[in-house]
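Beneath this line is the structure, given in structure tokens, with notes to follow.
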Amino acid sequence: QLEARYRRPDVLSLQQAACQAVGVSKCISFKKIGDGNYNKAYHLNMEDGQKIIAKVPNHNADPRALTTAS
182 QLEARYRRPD VLSLQQAACQ AVGVSKCISF KKIGDGNYNK AYHLNMEDGQ
232 KIIAKVPNHN ADPRALTTAS
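Mapping of the sequence shown onto the working numbering: position 12 corresponds to residue 193, and the numbering continues sequentially without gaps.
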């Protein structure tokens, strides 16, 4: 059952979105730092030295209107 619910994260798209959000062209490191009931957290280091925390809601985090897009 767990395997059927698993969704592989689109790491490349997350990195591209983070780069666009902070105005850089490259993410130099990407690390998963947490996995909660409602979201997954990632730590990204950008080429200019910025450090970003990105949270991606799990597909089971409902209702969507009450989830935080971080």
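Glycine included, each C-beta is placed from N, C-alpha and C at the ideal position.
- The shortest CA-to-CA distance from residue 207 to any of 240, 188, 238, 230 is the one to 230.
- Annotated as distal: residue 222 and residue 232, with beta-carbon spacing of 8 Å or more.
- The continuous alpha helix (DSSP H) containing residue 203 extends over residues 192 to 203.
- Residue 199 counts as buried, since no fewer than 16 other beta carbons sit within 10 angstroms of its beta carbon.
- The alpha-carbon separation between residue 226 and residue 194 amounts to approximately 15 Å.
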